[in-house]
Structure formats: structure tokens, C-alpha cells
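**Student:**
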Amino acid sequence: MGSFSLHSSCLAKPTLRWSNDCFQNLNSLKLPALQRRPNFHSRKASKVLAFYGLKSPPYKLDALEPYMSKRLLETHWGEHQRGYVEGLNKELEKNDILYGYTLDELVKVTYNNGNPLPEFNNAAQVWNHDFFWESMQPGGGGMPELGLLQQIEKDFGSFTNFKEKFIEAALSLFGSGWVWLVLKRREKRLEVVKTSNAVNPIVWDDIVSQHFQFVFRDILLIR
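Numbering (numbering that gives the first Met the number 0), first residue to last: 0 to 222.
Rendered as C-alpha cells:
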């Protein structure tokens, strides 16, 4: 499961990548229920700290050129994301209560219902960047699958309107942050949302009563 995402530091001319595993027919989609959040407070800490590693993008660093240069990818992945990974591991050395969680779980528990713990920013930025790199592929582009395209046209009027709204959200995002295409679970409606700094939609499932549900593994990259 996933969403479209865009980091505000990657702005210029647009290019699209839609994965081949989009919905064949979004109109017949049966939304899966969100997994119940683990009871983090009752979970016993692991005796051994499993450090988080810096995952490599699933392609060569120059594979996204000319839309994302090798140097830009080296900077964002090899420097910025590496800093988040190293910062997170240093923070976890001081807090054994958080040992042993998956990265998804760690992001949710450190968000702490809107009162983030010190570890949240680094954990969430590691997750965001992993998702960002894995959502792209060399030679991507074109239109989304029919089911997704129909839903976009239904909710935004046209694919062009969606792109304009997504780009507008990115350009109007103040400071650092991300732009996502999510599905409003109750209304079964797509919506473009902005998050500031490290926040991402996976932390909202408890706060908004499972109001948003990820359904895509695609990306709109605006560089």
C-alpha cells in the first residue's frame, strides 16, 4: 500500500511514473481495513538494538536522469537520508523502550498522537525517503491504469486538473514537507494533502479514525 509523494525540495519540471500494478478497476475496490495499532506501551523491549540501515535505491544513482541528476540523488540519499539514519540510531541507543520495532511501527509510536517524541523526525524521514526512492523507476512515465485514471477524473474533473492541483500544493508548501495523494476511506475519494517536515499519512490512522487509507504504490515526481 502507498501513496503518491513529493518532497518540496524537488521542484522544477514535471514527469510522471505510474507503476504497472495500479488498480485494474478502482470502482470495484474493496478497501482493506487498517491494521490495529499495536499496544506499544505494553510491549517488552528487545534486549538487542537492531540498528536501522541506509537502504539503497532500487536502481543506479544516474538512472533517473535527466529528471533527477546523479548529484541530486547522491545528495538527498547519500547525505540527507544517511544523516536521518545515523541520527535515528544514535537516538535509539539512549531509549531501549523503542528497541525492536519495524520502521512503520516506530514512526507511529514516536508520533505519539500528535506530540512527537524526539525520535520521530528521523524515523519518519527515513520512512519517507525509502518510500520516495522505491516509488520511482527508470523509464517511467505515461498515464495511470484505467481504474485509477477514472477515479482521478471523477474526483478532480480531469487528469490535468489533478496534476495542476498537485503541483500547486507542492509550490505552496512552506518550508520542508511532502505532498501526497491519498484515498479518503469513508468517502472513497482521492485527495491531495500536504504534510510539514517529517509528518506522513501513516500516522493519521488513529487520529482521524482511520479516515485515510493508502492504496497506491506510485509517485508523481516534480523536479
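Ideal placement from N, C-alpha and C gives every residue a C-beta, glycine not left out.
1. With DSSP as the reference, label TRP179 as helix, strand or coil.
2. Going along the chain, which residues of its own chain have a beta-carbon closer than 8 Å to the beta-carbon of TRP126, five neighbours each way excluded?
3. Measure the C-alpha to C-alpha separation of PRO137 and THR109 and round it to an integer number of angstroms.
4. Look at the alpha carbon of GLN80 and the alpha carbon of ASN111, and state the distance between them as a whole number of angstroms.
5. Determine the closest residue to HIS75 out of LEU87, LEU60, LYS89, GLY86, with distance taken between C-alpha atoms.
6. Span of the beta strand (DSSP E) holding VAL191?
7. The alpha helix (DSSP H) that contains THR159, what's its start and end?
8. Short check: CB of GLY86 to CB of ASN114, under 8 Å?
9. Taking the CB atoms as reference points, tell me whether ALA168 and PHE119 lie closer together than 8 Å.
10. Which of the three DSSP states, helix, strand or coil, is assigned to TRP132?
11. For VAL207, which residues in the same chain have their Cβ closer than 6 Å to its Cβ, ignoring the five residues on either side in sequence?
12. Quick check: the Cα distance between THR224 and GLU152, rounded to an integer number of angstroms?
13. Within the continuous alpha helix (DSSP H) that includes LYS107, where are the two ends?
14. Tell me where the alpha helix (DSSP H) around GLU92 begins and ends.
**Tutor:** To lay it out plainly:
1. strand
2. LEU102, ASP103, VAL106, ASN199, ILE201
3. 34 Å
4. 23 Å
5. LEU60
6. 188-195
7. 158-170
8. no
9. no
10. helix
11. Since pLDDT at VAL207 reaches only 34, below the 50 mark, its modelled position is unreliable, and the value read off the structure follows with that caveat. Cβ within range, chain order: n/a, list empty.
12. There is no way to answer for residue 224, as the model of the chain reaches only from 0 to 222.
13. 102-110
14. 81-92
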